[in-house]
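Colleague:
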Amino acid sequence: MSQPLLEVDELCVDFALPQGTVPAVKRISYRIEAGETLALVGESGSGKSVSSTAAMGLLPDLARTRGAIRFEGEDLLAAAPKRLRRLRGNDIAMIFQEPMTSLNPLHRIGRQIAEVLERHRGLRGRAARPRVQELLEQVGIPEPARRIDSYPHELSGGQRQRVMIAMALACEPKLLIADEPTTALDVTVQAQILALLKDLQRRYGMAILFITHDLGIVRHFADRVCVMRQGELVESGETAALFAAPQHDYTRMLIDAEPRGRKTAVAEDAPLLLEARDLRVSFALKKRLFRPNAYFEAVRGIDLSIRRGQTVGIVGESGSGKSTLGRALLRLLDSRGDIRFDDAALDGLDASAMRPLRSRMQVVFQDPFGSLSPRMTVGEIVGEGLRVHAPELGHRERDIRVQEALRDVALDPAMRHRYPHEFSGGQRQRIAIARALVLKPEFLLLDEPTSALDRSVQATVIELLRDLQRRHGLTYLFISHDLAVVRALADTVLVMKQGEIVERGDTETLFQAPREAYTRELMRAAFLDDDAA
Amino acid sequence: MTSTPTTSAASAAGDSLGREAWRRLRQNKAAMTSLWLLGAITLACVAGPWLTPWGLADVDWNAFGVAPTLDGGHWLGTDANGRDLLTRTLHGGRVSLSVAVVATLVSLVIGVLYGAVAGYLGGRVDNLMMRFVDILYSLPFMFLVILLMVVFGRNILLIYAAIGAVEWLDMARIVRGQTLALKRREFIEAAHALGVRDRKIVTRHLIPNAIGPVIVYVTLTVPKVILLESFLSFLGLGVQEPLTSWGVLISEGTDMMQTAPWMLLVPSVFLALTLFCLNFLGDGLRDALDPKTR
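Residue numbers (this note's numbering), protein chains in the order written: chain A, 1 to 533; chain B, 534 to 827.
Below, the structure is given as structure tokens:
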């Protein structure tokens with residue numbers, strides 16, 4: 001039997017925390033042959049990144065390992081740190097999720113790539129330069145001769161990830177570990193990076209261990225898939241076979257977790273709830289004394305109307321101005337242009353004139369960790385709106401309303417005395433929804449409410465939002481970069497690019513027959529047209 | 534959605550953050566010991582001078598520079614002028630501790646509010662407020678003290694005012710920095726969307742979340758203030774004989790270190806003990822006020 005490139009054999013990793021030992025990975029085994037792509041799939045906390053971190057010898061000191069990880073027959077867990085340093089970057093290379101923070105902002109990118117060459121190939125200074133330039137060209141950085149002297153902040157997220165890939169490739173590794181390499185990127189950029197990885201894999205003949213939570217990517221990218229859950233390997237197999245006939249319930253659930261269902265459109269003559277005409281938002285780029293400020297226009301003259309009971313979806317990549325638009329509609333940002341809510345003009349209202357309206361239009365944010373104050377109990381967080389808008393309520397009545405709201409989002413009202421950090425991401429998002437609902441609003445701005453959540457949790461939150469809309473007759477403005485989610489929830493969709501709306505239409509028509517090239521590109525990148533791939 | 538982390542009986546009863554924090558502080562042995570010790574030192578400084586047989590300025594003509602002894606009544610010895618060291622140390626503690634408490638409170642109240650408001654409002658207001666801080670920074674401290682002396686005459690309250698006026702500047706900067714980072718968080722934006730008034734956003738959302746660094750800085754301010762007072766007294770701008778403070782006693786003790794080491798050791802032990810306790814207590818408070826460390 002031929003020797004696999006990497007073999008993980010009965011690996012167990014425990015974290016010895018002060019509170020006791022927590023198992024992170026429980027007796028998992030998998031192998032990667034030279035040149036193939038293996039995907040490790042799992043939700044957050046499933047331990048999918050632990051085995052690769054162990055292979056790189058980068059586990060924290062608290063970790064206790066058993067079992068073996070063999071790279072070309074050599075046990076990495078038993079290897080000396082010096083030997084591991086020789087392997088890292090040379091035979092095994094790694095790229096990380098966060099391209100924004102994984103490059104040192106103080107050094108030119110050329111130098112950061114050259115550092116790998118210096119360490120493993122002994123190439124110094126000028127000698128390394130041609131190779132670095134070649135690498136930058138291979139990963140598709142435009143004008144490599146000029147970009148070699150750029151600092152990380154001069155590059156976009158996708159370009160930085162390309163630089164990370166160039167660093168990883170510098171010594172032509174046999175194994176590339178890619179830990180969620182595209183999660184922080186826009187869909188179109190994600191598609192480009194994946195294509196680049198595939199192309200480089202063919203050219204260098206390296207194996208890729210691809211770690212991700214996104215089954216959609218895996219389907220088009222990996223040869224074999226291992227599904228992990230709570231530290232255990234629940235299923236593995238050839239990609240096509242696994243997707244065609246998933247054996248384990250969990251795998252089936254993950255595949256099915258793609259949001260389903262469609263929203264039925266509201267009647268044509270439903271009254272208008274929110275309307276904007278020629279809405280513009282600009283930010284001062286540079287404040288200058290005595291001279292006019294330089295402005296960047298994030299939202300460029302958008303018309304929009306939302307009828308009662310409707311869900312309007314706004315899709316676009318990061319920087320398209322979609323969140324800015326949402327905030328401007330709620331008057332959280334200054335804007336120009338008319339905004340009418342239920343036939344009352346909002347534009348030009350100051351904070352105190354706006355206050356009575358606030359209870360009728362609420363917002364749920366993307367980050368369930370950042371949107372709840374860590375030093376307030378859940379009850380205080382949910383009840384805060386009532387203090388503002390219903391100050392006549394006594395302590396008891398407020399408490400009753402808070403409990404109602406928590407029950408509404410399927411949380412146990414007994415939890416209201418706890419602090420946000422004790423809850424999972426999905427639960428926190430429910431708390432944020434409860435905070436908005438306690439005021440019984442008519443309009444809810446949902447700014448990427450499911451983007452930070454695992455797929456399976458996402459599905460339950462979408463179900464909840466749908467249910468709440470039915471029961472309370474809510475109107476949603478749903479902002480997302482995730483086309484699948486928007487398709488499931490919205491009855492009208494706007495596609496935004498660079499502060500402008502490029503296409504609008506009712507959801508089914510737009511998804512079936514997109515008119516604009518940009519919309520088509522977005523959809524192709526999101527792998528929504530499965531047959532074409 | 535079944536993950537239910539451990540919850541304590543106390544939190545299920547719906548306690549306020551304050552009571553909850555107190556419960557957690559009580560579990561911290563180092564902090565509680567420090568709290569008791571601090572209490573004991575404070576009590577001794579307040580009540581002690583009335584109980585000791587000697588007055589602050591009483592000279593025992595039979596005992597000049599006597600080492601600590603159990604008989605003869607001078608338990609911690611006397612200084613070179615024959616004054617009881619225990620009495621003087623406890624008296625000095627009154628001055629040092631009250632300067633520390635007042636100046637720290639001033640820096641806490643003014644600094645935290647000023648910094649939070651400047652950071653929260655941002656823009657031009659922030660610019661103006663912080664430039665004002667910079668101007669105060671640039672005033673030489675000694676110049677300020679001498680000026681106050683000239684205008685108001687010698688008074689211990691002036692020391693409080695002068696130290697307090699300088700100490701809040703650092704605090705304002707620290708809190709402003711924290712606020713700038715915090716105000717971009719989404720929970721602040723959510724509060725805006727709820728229509729919460731600015732004043733409430735600052736007091737309910739910003740300040741509680743900036744409390745960690747504030748407490749750490751307070752535990753650093755107290756020793757700084759005590760030493761600053763002794764420096765002023767040393768220059769003759771602070772407390773005057775026969776009144777004394779720990780700083781003054783220590784500087785006197787340093788002169789006599791060779792012949793009468795207890796004159797240095799006694800006030801130093803009191804000061805060091807107090808500062809140790811404050812540090813442990815500060816750490817304990819910071820942890821107790823952070824819901825995450827439960």
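Virtual Cβ for every residue (Gly too), placed ideally from N, Cα, C.
Keep in mind it's a predicted model, so treat the numbers as computed, not measured.
What does a CB cutoff of less than 6 Å around R308(A) pick up in its chain, not counting 5 residues either side in sequence?
Modeller: Around R308(A): A270, P271, L273, T475.
Colleague: By Cβ distance, which residues of its chain are closer than 7 Å to L568(B), with the 5 residues on each side in sequence left out?
Modeller: Answer for L568(B): L814, listed in chain order.
Colleague: From the DSSP output, read off the bridge partner residues of I65(A).
Modeller: Going by the sequence as given, residue 65(A) is Thr instead of Ile. Answer is V13(A).
Colleague: From the beta carbon of D627(B), is the nearest beta carbon of chain A less than 8 Å away?
Modeller: Sequence check: residue 627(B) is Arg here, not Asp. Cβ-Cβ to chain A under 8 Å: no for R627(B).
Colleague: In whole angstroms, what is the alpha-carbon distance linking F369(A) and A39(A)?
Modeller: Between F369(A) and A39(A), the C-alpha separation is close to 28 Å.
Colleague: Run through DSSP, which three-state label would I689(B) get?
Modeller: Note: I689(B) maps to helix in three-state DSSP.
Colleague: Can you grab the Cα-Cα spacing for the pair D820(B) / T324(A), in whole Å?
Modeller: Taking the straight line from one Cα to the other gives about 37 Å.
Colleague: Determine the contact status of L702(B) and Y670(B), defining contact as a CB-CB distance below 8 Å.
Modeller: Yes, these two residues count as a Cβ contact at 8 Å.
Colleague: Give a yes or no on whether 8 Å exceeds the smallest Cβ distance from N561(B) to chain A.
Modeller: Taking Cβ atoms only, chain A never reaches closer than 8 Å to N561(B), which makes this a no.
Colleague: Got a sec: which bits of the stretch 399-423 of chain A sit with their beta carbon under 9 Å from any beta carbon on chain B, in order along the chain?
Modeller: Listed in sequence order: D399, A410, L411, D412, A414, M415, R416, H417, R418, Y419, P420, H421, E422, F423.
Colleague: Determine, using beta carbons only, whether D14(A) comes closer than 8 Å to chain B.
Modeller: No, no contact with chain B.
Colleague: Run down chain A in chain order and give the residues with a C-beta less than 7 Å from the C-beta of V729(B).
Modeller: Per Cβ cutoff of 7 Å: E384, V388.
Colleague: For V642(B), count the other beta carbons within 10 Å of its own beta carbon; 16 or more makes it buried, fewer makes it exposed. Which is it?
Modeller: Classification of V642(B): exposed, given that the 10 Å Cβ count is below 16.
Colleague: Decide yes or no for the touch test of the stretch 728-747 of chain B against the stretch 687-698 of chain B: beta carbon pairs closer than 8 Å, at least 3 of them.
Modeller: Touching, no.
Colleague: Compile a chain-ordered list of the residues in the stretch 363-375 of chain A whose CB is closer than 7 Å to at least one CB of chain B.
Modeller: Residues passing the 7 Å Cβ filter: V363, F365, D367, G370, S371, L372, S373, P374, R375.
Colleague: Do M94(A) and A168(A) have their C-beta atoms closer together than 8 Å?
Modeller: Contact: yes.
Colleague: Starting from the Cα of G216(A), find the closest Cα among H248(A), N90(A), P259(A), P105(A) and give me that residue.
Modeller: It is P259(A).
Colleague: Is the Cβ-Cβ distance between Y750(B) and M796(B) less than 8 Å?
Modeller: Contact flag unset, no.
Colleague: Three or more C-beta pairs under 8 Å: does that hold for the stretch 686-693 of chain B against the stretch 417-435 of chain A?
Modeller: Output reads no: the stretch 417-435 of chain A does not touch the stretch 686-693 of chain B.
Colleague: Tell me the DSSP bridge mates of H506(A)?
Modeller: Rather than His, the amino acid found at residue 506(A) in this sequence is Asp. Beta-bridge pairing links D506(A) to T492(A).
Colleague: With 16 as the cutoff for other CB atoms within 10 Å, does F283(A) come out buried or exposed?
Modeller: Result: exposed.
Colleague: DSSP on D447(A), reduced to helix/strand/coil?
Modeller: Strand, per DSSP.
Colleague: Considering only residues of the same chain and omitting the five flanking positions on each side of R535(A), which have a CB-CB separation below 8 Å?
Modeller: No statement about residue 535(A) is possible, as the shown extent of chain A runs from 1 to 533 and does not include it.
Colleague: Suppose you measure from the CA of P23(A) to the CA of E180(A); what does that come to, to the nearest Å?
Modeller: Those two C-alpha atoms are separated by around 22 Å.
Colleague: Out of curiosity, what's the CA-to-CA distance linking L136(A) and D350(A)?
Modeller: Their backbone Cα atoms lie some 51 Å apart in a straight line.
Colleague: By the 9 Å beta-carbon criterion, what residues does the stretch 732-748 of chain B contribute toward chain A?
Modeller: Under the 9 Å Cβ criterion, the stretch 732-748 of chain B contributes K733, R737, H738, P741, N742, I744.
Colleague: Is the distance from the Cβ of E317(A) to the Cβ of H481(A) below 8 Å?
Modeller: Contact flag set, yes.
Colleague: I'd like to know whether the C-beta atoms of I339(A) and A298(A) end up nearer to each other than 8 Å.
Modeller: Cβ distance not < 8 Å, so I339(A) and A298(A) don't count as in contact.
Colleague: Over the uninterrupted alpha helix (DSSP H) stretch that includes C810(B), give me the two end residues.
Modeller: 795-821 is the span of the alpha helix (DSSP H), which, as asked, contains C810(B).
Colleague: Taking buried to mean at least 16 other C-beta atoms within 10 Å of its own C-beta, is A532(A) buried or exposed?
Modeller: Its pLDDT being 35, under 50, A532(A) is placed unreliably in this model, and the value from its coordinates should be taken loosely. Its Cβ having fewer than 16 others within 10 Å, A532(A) is exposed.
Colleague: Strictly below 9 Å CB to CB, what residues from chain B border R435(A)?
Modeller: Within chain B, the residues near R435(A) are A723, L727.
Colleague: Rounding to the nearest angstrom, what Cα-Cα distance links V227(A) and T251(A) in this structure?
Modeller: If you take the alpha carbons of V227(A) and T251(A), they lie about 7 Å apart.
Colleague: Going straight from the alpha carbon of E5(A) to that of S29(A), what length do you get?
Modeller: Residue identity differs from the one stated: residue 5(A) is Leu in this sequence, not Glu. Computed Cα separation, rounded: 14 Å.
Colleague: Along the chain, where does the alpha helix (DSSP H) containing M167(A) start, and where does it finish?
Modeller: 157-169 is the span of the alpha helix (DSSP H), which, as asked, contains M167(A).
Colleague: Looking at the C-beta of R355(A), does it have a partner C-beta in chain B at a distance below 8 Å?
Modeller: With 8 Å as the cut-off, R355(A) counts as an interface residue toward chain B.
Colleague: Say whether chain B places a C-beta atom closer than 8 Å to the C-beta of L176(A).
Modeller: No - not a single Cβ of chain B is within 8 Å of the one on L176(A).
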